[in-house]
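**Q** Residue numbers (our numbering), protein chains in the order written: chain S, 743 to 1037; chain H, 743 to 1037. Beta carbons are placed, not taken as given, at the ideal position from N, Cα and C, and that holds for glycine. What follows is a structure written as structure tokens; I'll ask about it next.
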């Protein structure tokens, strides 16, 4: 395939906020489609996306938005993706590829595979984003050096999977493949649990103590600035894995608690050392990705 | 007082790592002393501090280092400060002011007040630092826009307290005053607990999941790269407050857990919203302070 040829004639992005707007800008920057169509229920978002060249055309009607699309990208929170799947499925043309950006994958992929007949669904989770939301934060380089997890199953059309992989790769992402179940299990630990912890931590600190906070607390709780509704939905969609990771976290805290109470300094230092080694091993983030985070 | 006049003839800094080295550089930059003396058991640190003009003279002998000092700054981890107090107390000249940078204050202040007769102790906790340690990371602007908590008691000499306050202020810090007990209670929540959580979180995530981590996890666990020995010492010195904050954190997590299990979305969203409001209210950090954190 010619690396410079557009991958798709028409790409339709449903939801033109931070992620959807950035996808539109990146598609246009890298010339991956002849035409980018945006759909949103928020008029202001569409106006902003048009003005900032994230999309070429705007619709607030599902049928009009998707009926000619070769690729549809569902760029909304998990619950909205779930409710969009049946409504778009009636209007997709044969061979249309649909992917999404949802933070959980099992329920989305299962639902899409039941609904779609002549269109191809390929689950995706681009792990770029921010605690900020909205189209005003969209940037064309959001996916540069980011990770995108794709979650094909044995029912996924191989050609569609390959095309979606090329799509994310040309948007700058490093693509990894997991099953939907593996994805939801791993994300519970590396993303959903940290968000719950950040919310719980800042939530339990007395307000009057916060004037003494420094960078450590700010970093540890940065993701508690994320959207409450979106994280509620993720907790509901991935509750089983999240509860399991939460229980293990509490167990992990109780081990440290016991070591402090019994003044078992040898094992406390040992635990801190093991944790530090793991933290030191996390790849440093390239500067361009610095403000990104997974959702 | 003339703002440009040196505050002290001789300042002795014991421990010339990240904090001590930065104090030396800042003293010299702002001309707060005629002479800066450094003391360390680590020959390489002294050589580095001399070479980078953090200190003018170097000693590895306590008596020589402190006997002519007008201000002594104990810039070591808590446990070393505790063992330095009796050894320096014999050699201080009458009227010498001693302060420290320890991350916990009750045990240090109590011990110093028992030991010192003709010298004046004023507890300090400059909340600047990094997960990095060592003199190579020292910079003269480490305290710019940072917070320094001073912990005087009714036994603290008022003139000495005032002079230490001017000292930190001229180093660029914003000084706040707390009692040693208040300090240790508040710091348990805003600094010690977040460190424990960061260690526990990265510690409990299976190693093979870490390749999927993004910025959220990196930020949440950044401070788990901090010194294991130092954090062990802090846990030991402030165990009672830390255990209390840890128990409240676990309670806070169990509230979220219950809301997820019972699918109580209304209260879950409400909790996330309250947490987000608190997090949004944390003052943004000036760029210069970006890599700093409390210890």
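Does the separation of the CB atoms of residue 843 (chain S) and residue 817 (chain S) fall below 7 Å?
**A** Along the first chain, read from residue 1 onward, the residue named residue 843 (chain S) stands at position 101. Along the first chain, read from residue 1 onward, the residue named residue 817 (chain S) stands at position 75. In this structure, residue 817 (chain S) lies closer than 7 Å to residue 843 (chain S) by Cβ.
**Q** Please name the residue or residues paired with residue 868 (chain H) in a DSSP beta bridge.
**A** On the second chain, residue 868 (chain H) is found 126 positions in, with the first residue counted as 1. Looking at the DSSP assignment, residue 868 (chain H) forms a beta bridge with H:890.
**Q** Go ahead and pull the three-state DSSP assignment for residue 980 (chain S).
**A** Numbered from its first residue, the first chain carries residue 980 (chain S) at position 238. If DSSP states are grouped into helix, strand and coil, residue 980 (chain S) belongs with coil.
**Q** Only counting the same chain, and skipping five residues up and downstream in sequence, which positions put a Cβ closer than 7 Å to that of residue 784 (chain S)?
**A** Residue mapping note: residue 784 (chain S) aligns to position 42 of the first chain, counting from 1. Excluding sequence neighbours, residue 784 (chain S) sits near nothing in its chain.
**Q** Let me know if residue 747 (chain S) comes out buried or exposed under the rule of 16 or more other beta-carbons within 10 Å of its beta-carbon.
**A** Taking the first residue of the first chain as 1, we reach residue 747 (chain S) at position 5. Classification for residue 747 (chain S): exposed.
**Q** Thinking C-alpha only, which one of H:853, H:1000, H:1023 and H:808 is nearest residue 837 (chain H)?
**A** Numbered from its first residue, the second chain carries residue 837 (chain H) at position 95. For the options H:853, H:1000, H:1023 and H:808, the alpha carbon positioned closest to that of residue 837 (chain H) is the one of H:808.
**Q** Pick helix, strand or coil for residue 796 (chain H), following the three-state DSSP scheme.
**A** Translated into positions along the second chain, residue 796 (chain H) becomes position 54. Three-state result, residue 796 (chain H): coil.
**Q** Using 10 angstroms around the beta-carbon of residue 786 (chain H), count the other beta-carbons present and answer buried if the total reaches 16, otherwise exposed.
**A** Taking the first residue of the second chain as position 1, residue 786 (chain H) is located at position 44. By the neighbour-count rule (16 or more Cβ atoms within 10 Å), residue 786 (chain H) is not buried but exposed.
**Q** Considering only C-alpha positions, which residue in the set S:861, S:825, S:941 and S:917 is nearest to residue 870 (chain S)?
**A** The residue you call residue 870 (chain S) lines up with position 128 of the first chain. Checking every option, the nearest Cα to that of residue 870 (chain S) belongs to S:917.
**Q** Using alpha carbons as the reference points, say which of S:770, S:794, S:799 and S:772 lies closest to residue 756 (chain S).
**A** If you number the first chain from 1, residue 756 (chain S) lands on position 14. Among S:770, S:794, S:799 and S:772, the Cα nearest to that of residue 756 (chain S) belongs to S:799.
**Q** Please list the partners that residue 978 (chain H) has in chain S, where partner means a Cβ-to-Cβ separation under 8 Å.
**A** In the second chain, residue 978 (chain H) corresponds to position 236, counting from 1. Residues of chain S passing the Cβ test: 1002, 1005 and 1007.
**Q** In the DSSP output, which residue or residues are listed as bridge partners for residue 752 (chain S)?
**A** Against the first chain, residue 752 (chain S) aligns to sequence position 10. Bridge partners of residue 752 (chain S): S:777.
**Q** Listed from N- to C-terminal order along the chain, which residues in the region 958-971 of chain S have their beta-carbon within a distance smaller than 9 Å of any beta-carbon of chain H?
**A** 958, 959, 960, 961, 962, 963, 964, 965, 966, 967, 968, 969, 970 and 971
**Q** Under 7 Å Cβ to Cβ from residue 864 (chain H), same chain only, skipping five residues before and after it: list those, please.
**A** The count along the second chain starts at 1 and reaches residue 864 (chain H) at position 122. The residues are 839, 841, 892, 894, 898, 902, 903 and 906.
**Q** Should residue 937 (chain H) be labelled buried (16 or more other beta-carbon atoms within 10 Å of its own) or exposed?
**A** Taking the second chain and counting its residues from 1, one reaches residue 937 (chain H) at position 195. Classification for residue 937 (chain H): buried.
**Q** Could you check if residue 831 (chain S) is buried or exposed, using at least 16 other CB atoms within 10 Å of its CB as the buried criterion?
**A** Here residue 831 (chain S) refers to the residue found at position 89 when the first chain is read from its first residue. Buried, by the Cβ-count rule.
**Q** Per the DSSP calculation, residue 842 (chain S) is bridged to which residue(s)?
**A** Numbered from its first residue, the first chain carries residue 842 (chain S) at position 100. Residue pairing from DSSP places residue 842 (chain S) in a beta bridge opposite S:816.
**Q** Can you tell me whether residue 905 (chain H) is helix, strand or coil according to DSSP?
**A** For this step, residue 905 (chain H) is matched to residue 163 along the second chain. Three-state DSSP puts residue 905 (chain H) in a helix.
**Q** Just tell me which of H:762, H:940, H:767 and H:777 has its CA closest to the CA of residue 749 (chain H).
**A** Within the second chain, the letter at position 7 stands for residue 749 (chain H). Out of H:762, H:940, H:767 and H:777, H:777 has the C-alpha closest to the C-alpha of residue 749 (chain H).
**Q** Could you name the residues of chain H that residue 879 (chain S) contacts, counting a contact when the two beta carbons are closer than 7 Å?
**A** One-based indexing of the first chain puts residue 879 (chain S) at position 137. Neighbours of residue 879 (chain S) in chain H, taken as residues whose beta carbon is under 7 Å from its own, are absent, since the nearest beta carbon is some 14 Å off.
**Q** For residue 998 (chain S), I'd like the list of residues in its chain whose CB is within less than 8 Å of its CB, leaving aside the five on either flank, ordered along the chain.
**A** Taking the first chain and counting its residues from 1, one reaches residue 998 (chain S) at position 256. If we look at residue 998 (chain S) and ignore the five residues flanking it on each side, its Cβ neighbours are 1010 and 1013.
**Q** Report yes if the C-beta distance between residue 885 (chain H) and residue 768 (chain H) is below 7 Å; otherwise report no.
**A** Here residue 885 (chain H) is taken as the residue at index 143 of the second chain, counted from 1. Here residue 768 (chain H) is taken as the residue at index 26 of the second chain, counted from 1. Yes, the Cβ-Cβ distance between residue 885 (chain H) and residue 768 (chain H) is below 7 Å.
**Q** Going by Cα to Cα distance, which pick from S:771, S:773 and S:764 is closest to residue 780 (chain S)?
**A** Locating residue 780 (chain S) in the first chain gives position 38, counting from the first residue. Looking only at S:771, S:773 and S:764, the smallest Cα-Cα distance to residue 780 (chain S) is reached by S:764.
**Q** In its own chain, which residues sit with a C-beta less than 8 Å from the C-beta of residue 975 (chain S), not counting the 5 before and 5 after it?
**A** Indexing the first chain from 1 puts residue 975 (chain S) at position 233. Only 819, 820 and 821 meet the Cβ criterion.
**Q** Are the region 939-953 of chain H and the region 965-981 of chain H touching, with three or more C-beta to C-beta distances below 8 Å?
**A** yes
**Q** By the criterion of Cβ-Cβ separation under 7 Å, what are the contact partners of residue 875 (chain H) in chain S?
**A** Here residue 875 (chain H) refers to the residue found at position 133 of the second chain. Under the 7 Å cutoff, chain S gives no residues; its nearest Cβ is about 11 Å from residue 875 (chain H).
**Q** At what residues does the beta strand (DSSP E) containing residue 847 (chain S) begin and finish?
**A** Taking the first residue of the first chain as 1, we reach residue 847 (chain S) at position 105. For residue 847 (chain S), no beta strand (DSSP E) run applies, since DSSP gives it neither H nor E.
**Q** Which class does residue 758 (chain H) belong to by DSSP, given the choice of helix, strand or coil?
**A** Residue numbering aside, residue 758 (chain H) sits at position 16 when the second chain is read from its first letter. Reduced to three states, the DSSP call for residue 758 (chain H) is coil.
**Q** From this set, S:829, S:758 and S:948, which residue's C-alpha is nearest residue 804 (chain S)'s C-alpha?
**A** Along the first chain, read from residue 1 onward, the residue named residue 804 (chain S) stands at position 62. Among S:829, S:758 and S:948, the Cα nearest to that of residue 804 (chain S) belongs to S:829.
**Q** Near residue 925 (chain H), which residues of its chain fall below 7 Å by C-beta distance, leaving aside the five closest residues on each side in sequence?
**A** Stepping through the second chain from its first residue, residue 925 (chain H) is reached at position 183. Taken in chain order, the residues that qualify are 847, 867, 891 and 893.
**Q** Hey, would you say residue 1015 (chain H) sits closer than 7 Å to residue 948 (chain S), going by beta carbons?
**A** Along the second chain, one-based indexing puts residue 1015 (chain H) at 273. Along the first chain, one-based indexing puts residue 948 (chain S) at 206. No, these two residues do not count as a Cβ contact at 7 Å.
**Q** Along chain H, in chain order, which residues have C-beta atoms closer than 9 Å to that of residue 1020 (chain S)?
**A** As a position in the first chain, residue 1020 (chain S) is number 278, starting the count at 1. Chain H residues near residue 1020 (chain S): 944, 945, 947, 949, 952, 963 and 966.
**Q** Would you report the Cα separation of residue 1034 (chain H) and residue 850 (chain H), rounded to the nearest angstrom?
**A** Numbered from 1 along the second chain, position 292 holds the residue referred to as residue 1034 (chain H). Numbered from 1 along the second chain, position 108 holds the residue referred to as residue 850 (chain H). Here residue 1034 (chain H) scores only 37 on pLDDT, less than 50, and its place in the model should not be relied on; the value that follows carries that caveat. Cα to Cα, residue 1034 (chain H) sits roughly 24 Å from residue 850 (chain H).
**Q** Rounded to whole angstroms, what is the Cα-Cα separation between residue 759 (chain H) and residue 984 (chain H)?
**A** Residue numbering aside, residue 759 (chain H) sits at position 17 when the second chain is read from its first letter. Residue numbering aside, residue 984 (chain H) sits at position 242 when the second chain is read from its first letter. Spanning the two alpha carbons is a distance of roughly 26 Å.
**Q** Determine the extent of the beta strand (DSSP E) in which residue 802 (chain S) is found, giving its start and end residues.
**A** Walking along the first chain from the start, residue 802 (chain S) turns up at place 60. Element bounds for residue 802 (chain S): n/a, residue is neither H nor E.
**Q** Buried or exposed: where does residue 782 (chain S) fall if 16 or more other Cβ atoms within 10 Å of its Cβ makes it buried?
**A** Against the first chain, residue 782 (chain S) aligns to sequence position 40. Label assigned to residue 782 (chain S): buried.
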